[in-house]
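Trainee: Residue numbers (our numbering): 11 to 410. Built from N, CA and C at the ideal position, the CB exists for glycine as well.
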Amino acid sequence: MKHLRAEFPIFAAHPGLVYLDSAATSQKPQIVIDRMNRYYAEENANVHRGVYELSESATRAFEGSRAVIAAAIHASLEETIFTRGTTEAINLVAHSLGQIVLKPGDEILLTIAEHHSNIVPWQLAADRFGAKVRFIPLNQDRRLDMQEAARMVNSRTKIMAFAHISNVLGIEHPVRELIALAKSVGAATVIDGAQGIAHLPVNVRELDCDFYAFSGHKVFGPTGIGILYGRKSLLDRMPPYMGGGDMIEKVTVNGSTWNILPSKFEAGTPNIAGAVGLGAAFEFLKGLDLGKTLAHDRALGLGLVNELKRHFPKVRLMVEPGPDWIGLVTMSHETIHPHDLAAICDTEQVCIRAGHHCAQPLMELFGLPATARVAPFVYNDENDMDRFVAALHKAEKLFA
Ligand code: PMP
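(1) So, residue 221 versus residue 199, is the Cβ gap smaller than 8 Å?
(2) Can the beta-carbon of residue 248 be found less than 8 Å from the beta-carbon of residue 336?
(3) Could you give the residue range of the beta strand (DSSP E) that holds residue 92?
(4) Any chance you could list the beta strand (DSSP E) runs of at least 3 consecutive residues sitting entirely within the stretch 214-292, in chain order?
(5) Buried or exposed: where does residue 349 fall if 16 or more other Cβ atoms within 10 Å of its Cβ makes it buried?
(6) For the beta strand (DSSP E) containing residue 349, name the first residue and the last one.
(7) Going by C-alpha distance, which of 99, 325 and 138 is nearest residue 114?
(8) Are residue 60 and residue 66 close, meaning C-beta to C-beta below 8 Å?
(9) Can you tell me whether residue 281 is buried or exposed? The criterion is at least 16 other CB atoms within 10 Å of its CB, across all chains shown.
(10) Could you give the DSSP three-state label for residue 388: helix, strand or coil?
(11) Is residue 313 closer than 8 Å to residue 231 when the C-beta atoms are compared?
(12) How is the beta strand (DSSP E) around residue 172 delimited, first residue to last?
(13) In terms of alpha-carbon separation, which member of 403, 38 and 33 lies closest to residue 204?
(14) Looking at residue 123 and residue 338, is the spacing between their C-beta atoms short of 8 Å?
(15) Taking the beta strand (DSSP E) that residue 18 falls in, what are its first and last residues?
(16) Looking at the structure shown, is residue 159 part of a helix, part of a strand, or coil, going by DSSP?
(17) Measuring only the C-alpha atoms, how far is residue 393 from residue 260?
(18) Given that a residue counts as buried once 16 or more other Cβ atoms are within 10 Å of its Cβ, and exposed if not, what is residue 218?
(19) Can residue 357 be considered in contact with ligand 1, in the sense that its beta carbon sits closer than 7 Å to one or more heavy atoms?
(20) According to the Cβ coordinates, are residue 368 and residue 401 closer than 8 Å?
(21) By how many angstroms is the C-alpha of residue 275 removed from the C-alpha of residue 242?
(22) Please find out if some non-hydrogen atom of ligand 1 comes closer than 7 Å to the beta-carbon of residue 127.
(23) Counting Cβ pairs, one atom from each stretch, are 3 or more of them under 8 Å apart for the stretch 311-330 and the stretch 92-112?
(24) Residue 299 to residue 41, Cα distance in whole Å?
(25) Can residue 283 and residue 50 be called in contact, C-beta distance under 8 Å?
(26) If you drop the 5 nearest sequence neighbours on each side, which residues of the same chain put their C-beta closer than 7 Å to that of residue 359?
(27) In the DSSP assignment, find the beta strand (DSSP E) that holds residue 342 and state where it starts and stops.
(28) Taking 8 Å as the CB-CB limit, is residue 315 close to chain C?
(29) Does the beta carbon of residue 95 fall short of 7 Å from some heavy atom of ligand 1?
(30) Ignoring anything shorter than 4 residues, give me the alpha helix (DSSP H) runs that lie fully in the stretch 294-337, in order along the chain.
(31) Going straight from the alpha carbon of residue 98 to that of residue 403, what length do you get?
(32) Are there 16 or more other CB atoms within 10 angstroms of the CB of residue 454, so buried, or fewer, so exposed?
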């Protein structure tokens, strides 16, 4: 993937930079940056409003991006809603779907390996509607306990929400089995695709999920923009999440009616430059072979795992790689706190993530307050992994 690295200007701006925190946010290729700059320099106007050519061309750019993204995930335009990111998308679903499906005593089934943004919105909805949040546990091998999942699903289960790929374990959840389980009791399915979208081809039709949420910034796009795919039959029935301009059909002093999809869920002036940038990111993504990039990330991760097992007996891995693993290496160390490790790495220009990764219930299960995470991506190579290993050696010497 060496040829790809040159497309990311951050590496020219910081010679020697080793960026291994792509699960937090990916770096941006020049074409995404250029596209956003071109939008502001040459096309800037508000969308859906103006009758003049500049506004129409901004609208074409904005809606053109929606078309590119919708095609990539096999959704219709009506079902492809721009949000600020995964977090806002899940909050939207929890709020609006909650209103039509949740009653007191109902259950929302999550997994214990969820990001806070796929836990807290459900807790808020559960409080609001008198429902209960339950968590599918993990097996010894830190994969989902699907037998327990089957036992937990029942006629009160109204919503099942789970990550496509865990941001801590780097493991693809068995989403097809989970969806089938939800369907067996008529529960709606919500997939947190924040990690999935960058590593796996996503086909919402084939998955047959009800909702799929992701953030642009994890998949070469800008921050502040993301997508919620929603099944039309549900979106049609759901009340709006936010009120404001663009989402209405008619406003009177006595009340309002709603615009058609997807506008009903896009109140206010959207992040136009972000949407246009995300469209460019998806064009970039189209040029990648996700099978090859996943193999590349897994090979880098596996090389590191083998090195850690061979030479770092004090390192404990959070999960063993398997065919469901994307190359993410999350670890703890007997004597070095993850924040100290990340700080030492930083002195070597190596960026890794340390902390609870917004997954405190999972950390509690591990019995750890924090872990360190190395997330290889398309622009990384063996040299980057070696630089991390050298920084780990340095940290071990310092903390001996
Ligand atoms: N879910 C998962 C699995 C994630 O990795 C993240 C980002 N770390 C999120 C949700 C939240 O994404 P955002 O902060 O972009 O809304």
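Mentor: With the given structure in hand:
(1) Your numbering for residue 221 matches position 211 in the sequence shown. Your numbering for residue 199 matches position 189 in the sequence shown. Going by C-beta atoms, residue 221 is nearer than 8 Å to residue 199.
(2) Here residue 248 corresponds to residue number 238 of the sequence shown, with the count starting at 1. Here residue 336 corresponds to residue number 326 of the sequence shown, with the count starting at 1. Against a cut-off of 8 Å, the Cβ pair of residue 336 and residue 248 comes out as no contact.
(3) Looking up residue 92 in the sequence shown gives position 82. Looking at the DSSP string, the run of the beta strand (DSSP E) that includes residue 92 is 90-93.
(4) DSSP runs (the beta strand (DSSP E)) wholly in the stretch 214-292: 221-225, 236-240, 258-262 and 265-268.
(5) In the sequence shown, residue 349 corresponds to position 339, counting from 1. With fewer than 16 Cβ atoms within 10 Å of its Cβ, residue 349 is classed as exposed.
(6) For this step, residue 349 is matched to residue 339 along the sequence shown. Element bounds for residue 349: not the beta strand (DSSP E) but the alpha helix (DSSP H), 348-357.
(7) Reading the sequence shown from its first residue, position 104 is the one you call residue 114. When each option's Cα is compared against that of residue 114, the closest is 138.
(8) For this step, residue 60 is matched to residue 50 along the sequence shown. For this step, residue 66 is matched to residue 56 along the sequence shown. Yes.
(9) What you label residue 281 is simply residue 271 of the sequence shown in a count that begins at 1. Classification for residue 281: buried.
(10) As a first step, residue 388 must be located in the sequence shown, where it is residue number 378. In the structure shown, residue 388 sits in coil (DSSP, three-state: anything other than H, G, I, E or B).
(11) Your numbering for residue 231 matches position 221 in the sequence shown. Your numbering for residue 313 matches position 303 in the sequence shown. Note that the C-beta distance between residue 231 and residue 313 is not below 8 Å.
(12) Start at 1 with the first residue of the sequence shown, and residue 172 comes out as number 162. Counting along the chain, the beta strand (DSSP E) containing residue 172 begins and ends at 167-173.
(13) Locating residue 204 in the sequence shown gives position 194, counting from the first residue. Ranked by Cα distance from residue 204, the first of 403, 38 and 33 is 33.
(14) For the purposes of this step, residue 338 is identified with residue 328 of the sequence shown, where counting begins at 1. For the purposes of this step, residue 123 is identified with residue 113 of the sequence shown, where counting begins at 1. It is not a contact, given that the beta carbons lie outside the stated cut-off.
(15) Walking along the sequence shown from the start, residue 18 turns up at place 8. Run containing residue 18: none; DSSP gives neither H nor E here.
(16) By 1-based counting over the sequence shown, the position of residue 159 is 149. If DSSP states are grouped into helix, strand and coil, residue 159 belongs with the helices.
(17) Locating residue 393 in the sequence shown gives position 383, counting from the first residue. Locating residue 260 in the sequence shown gives position 250, counting from the first residue. The alpha-carbon atoms of residue 393 and residue 260 are separated by roughly 59 Å.
(18) One-based indexing of the sequence shown puts residue 218 at position 208. Counting Cβ neighbours within 10 Å, residue 218 comes out exposed, since fewer than 16 surround it.
(19) The residue given as residue 357 occupies position 347 in the sequence shown. No, Cβ of residue 357 sits at least 7 Å from all heavy atoms of ligand 1.
(20) For this step, residue 368 is matched to residue 358 along the sequence shown. For this step, residue 401 is matched to residue 391 along the sequence shown. Taking 8 Å as the Cβ cut-off, residue 368 and residue 401 do not qualify as a contacting pair.
(21) Reading the sequence shown from its first residue, position 232 is the one you call residue 242. Reading the sequence shown from its first residue, position 265 is the one you call residue 275. About 12 Å.
(22) Residue 127 sits at position 117 when you count from the first residue of the sequence shown. Residue 127 Cβ: within cutoff of ligand 1.
(23) no
(24) As a first step, residue 299 is located in the sequence shown; it is residue number 289 there, counting from the start. As a first step, residue 41 is located in the sequence shown; it is residue number 31 there, counting from the start. Within the model, the alpha-carbon separation for residue 299 versus residue 41 is close to 18 Å.
(25) By 1-based counting over the sequence shown, the position of residue 283 is 273. By 1-based counting over the sequence shown, the position of residue 50 is 40. Yes, Cβ-Cβ distance for residue 283 and residue 50 is below 8 Å.
(26) In the sequence shown, residue 359 corresponds to position 349, counting from 1. The residues are 26, 27 and 28.
(27) On the sequence shown, position 332 is the one that residue 342 refers to. Element bounds for residue 342: 339-343.
(28) Chain labels in this structure do not include chain C; a single protein chain is all it has.
(29) Here the question's residue 95 lines up with position 85 in the sequence shown. Under cutoff, so the answer is yes.
(30) 300-321
(31) Start at 1 with the first residue of the sequence shown, and residue 98 comes out as number 88. Start at 1 with the first residue of the sequence shown, and residue 403 comes out as number 393. Rounded to whole angstroms, residue 98 to residue 403 spans 40 Å at the Cα level.
(32) Residue 454 is absent from the structure shown; the chain starts at 11 and stops at 410.
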